[in-house]
Amino acid sequence: MSINLRTVYAFAREMYPKITTEPIQYGTAGFRGKAEFLDSVMFRMGVLATLRSRFRGGSVIGVMITASHNPEPDNGVKLIDPKGEMLEPSWETIATDLVNVSDQDLEQQVAKIIKDNQIDVASSSHVYVGMDNRYHSPRLLKAVSDGVIALKGNVREFGIVTTPMMHYFVVSANTKEAYGKPTEEGYYKKLISAFEELRDGCLEKGNYRNYLVFDGANGVGARKMLQFIKRMNKSLDITVINQGIGSGKINEDCGADYVKVQQRPPKSMPSVEPFTRCVSVDGDADRVVYFFTDDSGQFHLLDGDRIATLVAGYLMDLIKSCEINLRLGLVQTAYANGASTDYIENELKVPVSCVPTGVKHLHHKALEYDVGIYFEANGHGTIVFSDYAKSVIAQAVTTNPKAKTLLLLIDLINETVGDAISDMLLVETILNHKGWDVKDWISTYNDLPNRQLKIKVKDRNVITTTDAERICVKPVGLQDEINMAVSNYKRGRAFVRPSGTEDVVRVYAEAATKEDTENLSYEVGLLVQRLAGGVGPELTK
Ligand code: G16
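To convert, note that position 105 of the sequence shown is 277 in the working numbering; the numbers rise steadily by one, no gaps.
Structure below.
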């Protein structure tokens with residue numbers, strides 16, 4: 173097969189010209205920004221995915237078009253590596269360089285990538301592409317596919333799917349279907365069979381009731397949940413709200429990010445009994461949080477930290493009862509509530525580590541354990557089982573029937589990346605097995621009040637951090653001032669970091685009381701405005 177790199181330039185110039193010189197970076201989860209500026213980025217990512225596939229010996233590489241939790245006018249793109257993990261960091265730099273060169277320099281830049289990485293351009297390549305349900309996603313998907321075609325790669329389009337589904341398709345294809353069938357039906361079948369076998373016909377137990385409300389954030393998660401319901405044997409009774417049908421905008425006043433950050437229920441909540449389990453996922457269904465309202469109408473959140481601790485406690489007990497020995501570890505980020513970290517260390521006695529934001533960092537760290545549990549507080553996470561753990565569990569099944577539960581859990585969990593629906597089915601399984609309702613779950617420890625702010629600054633990259641983002645290095649002096657503010661509050665903790673998905677600086681604060689948390693976050697927000705070039709409106713408490 174002969175490849176003429178001139179074609180890449182011709183496509184770019186004629187169909188996907190670069191219309192801005194504003195630099196863009198492969199951030200926390202790929203490229204994100206206003207959809208109207210992304211056509212050239214998408215085309216180039218199609219080109220890069222094709223090269224990456226050739227570099228990886230023809231393995232399938234995934235491309236997901238989504239801006240996940242961002243507002244509807246935004247879109248984005250992330251690449252998925254052969255084992256379903258996020259793109260290798262050294263290629264993030266290659267991606268950033270590729271999308272920032274001018275159209276005139278594109279051909280040369282592609283030639284450089286080929287040369288630097290000794291890619292055989294004549295070898296075969298396979299790219300899978302999927303998108304969320306934003307109105308501009310189909311246009312951007314075409315741009316990715318054209319990028320693949322420009323380099324004579326093979327492209328398979330999956331249409332509207334969740335991000336975790338794309339990860340699943342990629343792994344399934346690259347493991348020659350050992351992981352599952354790389355189709356939408358294959359995905360439903362794998363999760364539903366494991367879930368229903370784990371239920372074993374027992375729909376209600378102890379305080380556990382077989383009913384929940386599912387907030388789909390007007391995103392693709394809602395559509396897919398409706399498909400799950402059609403295929404499930406009433407094993408879970410679900411009301412889906414914010415389905416994305418009609419006027420509702422993706423993530424607007426609903427979804428996991430809204431519920432977590434605003435600490436309030438999403439719009440369109442039906443009137444339900446107090447203590448009813450409610451679930452919110454984000455725009456591409458890779459994050460999930462639970463919440464409920466008590467009998468005095470007060471809102472309560474069960475976020476990623478709660479899911480992680482629930483899963484860790486349950487797996488520890490199960491592993492013990494199977495009489496096997498596996499090293500279990502938990503990975504969090506700086507956003508983890510201090511009370512959850514105390515609970516993990518002092519009650520569960522599980523090793524816990526803190527890494528920078530972004531599932532790629534958590535996933536990487538979790539691989540160090542036999543059973544690595546990772547969750548960001550925002551509800552993004554999963555559990556990874558090492559090959560050793562899988563073989564020990566498979567062996568244990570022959571002597572201990574309880575180990576079968578572990579095997580089924582491995583099937584239920586989407587190990588490749590956080591998967592809101594798979595995580596939700598896992599939580600439902602655990603609560604059902606324990607006979608727990610939300611009151612039992614929330615009583616394991618008391619969260620410290622916490623608050624997040626978004627601060628607009630001229631250039632968010634003036635802020636740099638270290639120690640898993642807990643310490644601000646630049647602008648010089650900001651950390652000293654944060655330390656001084658924090659020292660005035662009992663159990664106070666605060667940090668600031670530039671977002672990798674939105675053009676803002678994020679502020680996190682927690683303290684012993686709600687009022688202290690509000691004051692501390694406000695003070696730190698003001699410090700960011702003053703010392704890091706704030707441009708936003710005046711901050712209010
Ligand atoms: C993405 C990442 C998450 C991260 C979140 C916020 O989530 O996958 O790991 O926590 O962005 O990142 P940042 O604070 O850097 O903006 P999603 O759901 O938007 O893909």
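We treat Cβ as the ideally placed atom computed from N, Cα and C, and that holds for glycine.
Selection around the ligand G16 by beta-carbon proximity, strictly under 6 Å to any non-hydrogen atom, yields 200, 201, 240, 241, 454, 458, 459, 529, 530, 531, 548, 550, 552, 671, 672, 673, 674, 678 in chain order. Note on geometry: alpha-carbon atoms of residue 437 and residue 463 lie some 8 Å from one another. In terms of Cα proximity to residue 301, the closest of 253, 246, 592, 701 is 253. In this structure, the alpha-carbon of residue 469 lies about 60 Å from that of residue 277.
The region 440 to 505 is shown to contain whole alpha helix (DSSP H) runs of 4 or more residues at 476 to 493, in chain order. Shown here, residue 560 sits in a helix according to DSSP, grouped into three states. If the five residues before and after residue 547 are omitted, its C-beta is found closer than 6 Å to the C-beta atoms of 476, 479, 480, 553, all from its own chain and listed in chain order. With respect to residue 352, residue 340 sits close: the two C-beta atoms are nearer than 8 Å. Around the beta carbon of residue 374, a 10 Å sphere encloses fewer than 16 other beta carbons of the protein chains shown; the residue is thus reported as exposed. The alpha carbon of residue 263 has as its nearest neighbour, out of 516, 372, 288, 338, the alpha carbon of 288.
The beta-bridge partner set that DSSP reports for residue 555 consists of 545.
Within the region 315 to 359, the runs of alpha helix (DSSP H) that reach at least 4 residues and sit entirely inside it are, in chain order, 335 to 346. Residue 490 is not a Cβ neighbour of residue 606, given a cutoff of 8 Å.
The closest CA to that of residue 535, considering only 316, 519, 503, 550, is found on 503. With fewer than three CB-CB distances shorter than 8 Å, the region 514 to 521 does not count as touching the region 557 to 572. Leaving aside the five residues that flank residue 466 on each side, the residues in its chain whose CB is nearer than 7 Å to its CB run, in chain order, 446, 447, 472. For residue 667, the enclosing beta strand (DSSP E) stretches over residues 665 to 670. A direct Cα-Cα distance of roughly 33 Å separates residue 631 from residue 222. If you draw a straight line from the Cα of residue 425 to the Cα of residue 237, it is about 22 Å long.
Partner residues in a beta bridge of residue 183, as assigned by DSSP, do not exist.
For residue 624, the beta-bridge partners assigned by DSSP are 680. Beta-carbon to beta-carbon, residue 257 and residue 588 are separated by about 7 Å, close enough to satisfy the 8 Å threshold. For residue 247, the enclosing beta strand (DSSP E) covers residues 246 to 252. In the DSSP assignment, residue 409 falls within the unbroken beta strand (DSSP E) covering 409 to 413. Taking 8 Å as the cut-off, the Cβ atoms of residue 608 and residue 307 do not count as close. According to DSSP, residue 204 shares a beta bridge with 248.
Collapsing the DSSP output to three states places residue 377 in a strand. Here residue 214 carries a helix assignment [DSSP, helix/strand/coil]. By the Cβ criterion, the region 303 to 319 is in contact with the region 383 to 403, since at least three pairs of Cβ atoms, one from each stretch, lie closer than 8 Å. Boundaries of the beta strand (DSSP E) harbouring residue 525: 524 to 526, taken from the DSSP string.
Taking the Cα positions, residue 337 is about 11 Å away from residue 331.
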